[in-house]
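Q: The UniProt record's numbering puts the sequence shown at residues 1 to 1043.
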Amino acid sequence: MERGLHERDRVGVQDFVLLEDFTNENAFVDNLRKRFRENLIYTYIGQVLISVNPYKNLPIYNDENIQFYQKRNFFEAAPHIFALADTAYRSLTEENRDQCILISGESGAGKTEASKKVLQFIAAATGHKKEVETVNDKLIGSNPVLEAFGNAKTNRNDNSSRFGKYMDIQFNYQGDPVGGNILNYLLEKSRVVHQTSGERNFHIFYQLLAGSDDETLRKLFLKRNLDTYYYLSSGTRGVIDSIDDINQFKEVLEALKTVEVTQSEQDDLFAIVASVLHMGNVGFTEEEGIAKILKPASVDAIASLLGCDVNELAKAFTHRTIDAHGDVVITPFNRELAIYARDALAKAVYDRLFTWLVSRLNKSLQPADPRRNVIMGILDIYGFEIFTKNSFEQFCINFCNEKLQQLFIELTLKAEQEEYLREGITWENVHYFNNKVICDLIEEKHKGIISLLDEECLRPGDPTDLSFLEKLNCSLNNHPHYISHMKADIQTQKIMGRDEFRLVHYAGDVTYNVRGFLEKNNDLLFRDLREVMSHTKNSITKAVFDVKDLTSKKRPETAITQFKNSLNNLMEILMGKEPSYIRCIKPNDFKMANQFNEKIVLHQVKYLGLIENLRVRRAGFAYRRPYEQFLQRYKALCPLTWPRYAGPAKEGVQALVCHLGYDCDDYKMGNTKLFIRFPKTLFDTEDAFQLKKHDIAAIIQSKWKCILQRRKYLQMRKAAIVLQKYIRRWLAKREAERRRKAAITIRRFIKGFITRNGPPNEENVAFIELAKSQWLIRLSKNLPVGVMNNTWPSCPYACQEASALLFEIYKKWKARQYRLSLSREEIAHFKLKILSQELFKGKKKSYAKSLGPRFLEDRLGAEHKALRQTFITNILPRGENIKYATPVVKYDRHGYKPRERVLILTEEAVYILDSLKTFKLKHRLPYKSIEELVVTGESDNLLIVRIPPELKKDKVIKDDACVKFGGKTEKGDLILEVPHLIEALTKAIDITKNPKILNIVNNESVSHKLVSGKEAQIEITTGTTPAISKNRQSGHLLVVASP
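(1) Run through the DSSP bridge pairs and tell me what residue 284 is partnered with.
(2) Quick one: Cα of residue 857 to Cα of residue 885, how far?
(3) Looking only at its chain, what residues have a beta carbon closer than 6 angstroms to the beta carbon of residue 978, apart from the 5 residues adjacent to it on each side?
(4) Report all residues from its chain with a CB closer than 7 angstroms to the CB of residue 1072; omit the five preceding and five following residues, and keep chain order.
(5) Is the stretch 312-320 touching the stretch 361-378 in the sense that three or more CB pairs, one from each, lie closer than 8 angstroms?
(6) DSSP state of residue 510, grouped into three classes?
(7) Ordered along the chain, which non-local residues of its own chain (more than five positions away) have a Cβ less than 8 angstroms from that of residue 1036?
(8) In the structure shown, what three-state DSSP assignment does residue 523 receive?
(9) Using only the alpha-carbon positions, how far apart do residue 838 and residue 1038 sit?
(10) Using C-beta distances below 7 angstroms, list every residue in its chain close to residue 1024, excluding the 5 sequence neighbours before and after it, in chain order.
(11) For residue 241, which residues from the same chain have a beta carbon less than 8 angstroms from its beta carbon, with the 5 sequence-adjacent residues on both sides left out?
(12) On a CA-only basis, which of 522, 516 and 412 is nearest residue 458? Give me that one, please.
(13) Does the stretch 64-72 come within contact of the stretch 563-573, defined as at least 3 CB pairs closer than 8 angstroms?
(14) Does the beta-carbon distance from residue 201 to residue 591 come in below 9 angstroms?
(15) Only counting the same chain, and skipping five residues up and downstream in sequence, which positions put a Cβ closer than 6 angstroms to that of residue 579?
(16) Use the C-beta contact count for residue 924: other C-beta atoms within 10 angstroms, 16 or more gives buried, fewer gives exposed.
(17) The beta strand (DSSP E) with residue 932 in it runs from where to where?
(18) Alpha carbons only, please: which of 207, 287, 356 and 349 is nearest the one belonging to residue 265?
(19) For residue 990, name the three-state secondary structure that DSSP assigns.
(20) Can the beta-carbon of residue 260 be found closer than 9 angstroms to that of residue 138?
(21) Which residues mark the beginning and the end of the alpha helix (DSSP H) in which residue 818 is found?
(22) Which residues does DSSP pair with residue 581 in a beta bridge?
(23) Assuming the contact rule is C-beta atoms closer than 8 angstroms, residue 123 and residue 136 should be a hit. Round their C-beta distance to whole Å, please.
(24) Is residue 628 helix, strand or coil when you go by DSSP?
(25) Considering residue 179, what are the terminal residues of the beta strand (DSSP E) in which it resides?
(26) Identify whether residue 613 lies in helix, strand or coil by the three-state DSSP scheme.
(27) At what residue ranges does the stretch 666-705 contain a whole run of the beta strand (DSSP E), taking only runs of 3 or more?
(28) Which complete alpha helix (DSSP H) runs does the stretch 243-269 hold, if anything under 4 residues is left out?
(29) Measure the CB-CB distance between residue 87 and residue 611 and report whether it falls below 9 angstroms.
(30) Name, in chain order, the residues that DSSP records as bridge partners for residue 942.
(31) Buried or exposed: which applies to residue 187, given that a residue is buried once 16 or more other Cβ atoms fall within 10 Å of its Cβ?
(32) Flag this pair as yes or no: are the beta carbons of residue 348 and residue 222 separated by less than 9 angstroms?
(33) Is residue 797 helix, strand or coil by DSSP?
(34) Thinking just about the alpha-carbon of each residue, which of 798, 786 and 724 is nearest to the one in residue 759?
(35) Could you tell me the boundaries of the beta strand (DSSP E) in which residue 904 lies?
(36) Taking just the CA atoms, how far does residue 821 sit from residue 975?
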């Protein structure tokens, strides 16, 4: 029964039946506290579930948990609302008995959320046919709609149900939901016109303003600002963090579609909601005792939204028509009465709208098949309320809770004791408080508070709330559960007003203020307003304000009488069903997670009667069934009772329990029923029965299968004798054919191998095809990786042509893949290398050495970095950029003295700078002025730049705006030794896009021009040590290149 018993000191016990000190209230609360601290919010008292509101989301309601609790015995797993729902559902489907789940507790204890979890489980546990899914969707979809129109934020609960709800879910014989029906009780319609400080109106008003688009608001004459509306201004204003009005309004719209509310009906629905907001903005002033409307625009909006005559509506707000024996008198209202009429209309319209909405949901939930179905009812009704100021609504709510407590007493405590006495079972009596005395105080005919209230409302004269209170004091002053101001002690009189009375409820003392009791009980709506509403074009208001009601002379029942009758009907419905209980407890008054107030919890434990319930469970028996039903279900477990027991059922049950080995303390034999003390005893019996059903089914199946197999065997045996010879013959012929084909295949393969290198023919074509496929497989596994890798796997003779083609295709593909992987910089570099190849390959011996090294844009050392920036700043013209820079050696035209220089290439010119004198400009040669760039075909680094004789030698001329160049005439061709000659020339040709400027000579000497057109010779030779120097014998420049 208790899997976690070894952890009870830390997390408490899962079932209070296992609590050692079960009569101690503090031990009871301490067990709840331990479990609450570990996020274990559910605990059992036998089969009653106690739920403590965690005020936070817990990961215990997912599909995995639903599957875990399905068809699992009640005490096999940890307490959970899914376990209770599963037990009720299985009792409904397996035993065909109507069920009801009664959810009770204070406001804010989590009753509404508990009902949602029950629906969630039922939707997941039932079938997944399309029709079933539709019903489940409608049942779940009804919740957002009812919560939007019937729930509101209170000081104790951000989503408090301000109406009572009883939902019947109808199931077919397969256990699938086929329909449902909803009953609503006592909507707190006074909240429409007034809210206590810190509270809000019904959710739908805020959802409509926050979630509607601008076009919808325009059609409804609404603005998003909440301060615009009087009916939303008396409670909490602004945004509540725990409430998402925008997304909840989207859920409401989706739910309305799910429950098949048409778009036209939705338009009329929200038009009524908007009209209620506009009603609150209808203000009045008073002139000579007659009310006048202050804001006609609000009346116009109401008339437009509901489709009624604006003049008739305005008149009904300020006048009343009285028909006195045929004489019609129109009486104007004063301001106070006009405000009352306006608020009465707003409350009546909203209340009847809510009633219509429930009936519309019921219409959508009606089952297609009207036959009798089993029913599961879920009761989610307002919890006990004790406020600072308690009025008519709290009186009705607490009366309802008294009735539910009485039902609980009758169905559990009292009924249990009485049944044991009837059956002759001896046990310890459990004393409990029977709250019937309080229910009689409220509802007894002619004497109860309800009768006195109706009597005061209906009597002639001018009854008031205080005259009603006086009547209560006179009639009930001696009742032990009624306390008046006069009867109270001195301490109570200090805090109790003379317009108040106090009732000693089962949940505690509640003081009620009688102000408004008569008005709310009469619930008067003037005939003129009802008549205007009955002639509206809005389909909903026209339906709920029936014209026939105007002609009825019968006085309508008071609000409290209607509520009492509805409660009595509800009690009759619940009494006819097998109940399951969920008792909800709130851990604190501040809606805070992880906060457990023992005083508040103890108070709820007392008024819910949980200690008395536990005492009954510990003293009595958890399970009882008539002998006939028990024997009929479990007779298969005993050989003496299976398949039929001839004697009395009681004797058969006695034999059965003896065979099962029940201890004497585990059960008692009553007059007509068997009583089992512990649920585990029953579960063990049920598990044995489930296993036995499989055994019985297996025996039946085996016997039947034996008969069938015997028949088949005889037929097969007869046929086998005939067929065996044919089958053996056929197998032998097939084996011979297989061997013949195998021999042909082997012979053909051998011949194909022998002639594999010859032309294709019938004998070698199969072998060649096999060789090709095998070669392709080997090739796919041994393809060369690199672009430059020219290796290629060998191939058979027949594949040589294909191999050559594949090699070319593969190389091109690899080259393409490599090219696609290159960056822009790498592509530019490769283009330079290609240009270098076009210029020098096969023409200059040093070209091969230039292939490997990367071409750089700057060959200057670190010592030139600062001078480079000086050059850019002081010399380089604006708009020119350095494309290449390298150190070079310049040789004089006369004497060939070497001088260190820096060569710089830009887009426009070649610059020769003095590398030792802060980059002083020596030469600036525009590309268009260079006639030729002469190099030798050897491996030397000599470069001759041929310059026209008339070219001026540039020098820097500074002015305010820019840098100019001018100077003397050049002295002849430039003779340079460039360390990276091929790199520099490739860069220059790339810049100028003029490859014709390059001249590669292979002579033993090269001439160069001096000043005035003279020429000198440069000798070219080869040697082991490359050098450039002056030949002292000839006086020429001697260039020694490596061979």
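Beta carbons are placed, not taken as given, at the ideal position from N, Cα and C, and that holds for glycine.
A: According to the data block:
(1) As a beta-bridge residue in DSSP terms, residue 284 pairs with 293.
(2) Linking residue 857 to residue 885 through their CA atoms gives a straight-line distance of about 6 angstroms.
(3) A distance below 6 angstroms between beta-carbons, with the five flanking residues on each side excluded, links residue 978 to the following residues of its chain, in chain order: 888, 941, 943 and 984.
(4) What the structure shows of the chain is the stretch from 1 to 1043, and residue 1072 is not part of that stretch, so it cannot be assessed.
(5) At 8 angstroms Cβ cutoff, the stretches do not touch.
(6) Per DSSP, reduced to three states, the secondary structure at residue 510 is strand.
(7) Non-local C-beta neighbours of residue 1036 in its own chain, meaning closer than 8 angstroms and more than five positions away in sequence, comprise 1005, 1016, 1017, 1018, 1019 and 1030, ordered along the chain.
(8) In this structure, residue 523 counts as coil in the three-state DSSP scheme.
(9) Roughly 28 angstroms separates the two Cα atoms.
(10) Taken in chain order, the list of residues that qualify is empty.
(11) Excluding sequence positions up to five before and after residue 241, its CB lies less than 8 angstroms from no other CB in the same chain.
(12) Put simply, of 522, 516 and 412 the residue whose alpha carbon is nearest the alpha carbon of residue 458 is 522.
(13) Pairwise C-beta distances place the stretch 64-72 out of contact with the stretch 563-573, as fewer than three of them are shorter than 8 angstroms.
(14) Judged by their CB atoms, residue 201 and residue 591 are not nearer to each other than the 9 angstroms cut-off.
(15) In its chain, beyond the 5 residues on either side, 100, 102 and 411 have a beta carbon closer than 6 angstroms to the beta carbon of residue 579.
(16) Under a 10 Å Cβ-count criterion, residue 924 is classified as buried, with 16 or more other Cβ atoms of the shown protein chains found around its own Cβ.
(17) 932-936 is the extent of the beta strand (DSSP E) around residue 932.
(18) Ranking the options by Cα distance to residue 265, first place goes to 356.
(19) Reduced to three states, the DSSP call for residue 990 is helix.
(20) Yes, the Cβ-Cβ distance between residue 260 and residue 138 is below 9 angstroms.
(21) 800-820 is the span of the alpha helix (DSSP H), which, as asked, contains residue 818.
(22) DSSP lists 102 as the beta-bridge partner residues of residue 581.
(23) Indeed they touch by this definition, with Cβ atoms about 4 angstroms apart.
(24) When secondary structure is reduced to three states using DSSP, residue 628 falls in the helix class.
(25) Residue 179: member of the beta strand (DSSP E) spanning 177-185, first to last residue.
(26) Residue state, collapsed to three classes: helix.
(27) The stretch 666-705 contains these whole beta strand (DSSP E) runs: 667-669 and 673-676.
(28) The stretch 243-269 contains these whole alpha helix (DSSP H) runs: 245-258.
(29) Going by C-beta atoms, residue 87 is not nearer than 9 angstroms to residue 611.
(30) Looking at the DSSP assignment, residue 942 forms a beta bridge with 977.
(31) With at least 16 other beta carbons inside 10 angstroms of its own, residue 187 counts as buried.
(32) No, the pair does not count as a contact, with Cβ atoms beyond the cut-off.
(33) In this structure, DSSP gives residue 797 a helical state, which the three-state scheme calls helix.
(34) Ranked by Cα distance from residue 759, the first of 798, 786 and 724 is 798.
(35) Secondary structure note for residue 904: its beta strand (DSSP E) is the uninterrupted segment 898-906.
(36) Looking at the backbone, the Cα of residue 975 and that of residue 821 are separated by about 42 angstroms.
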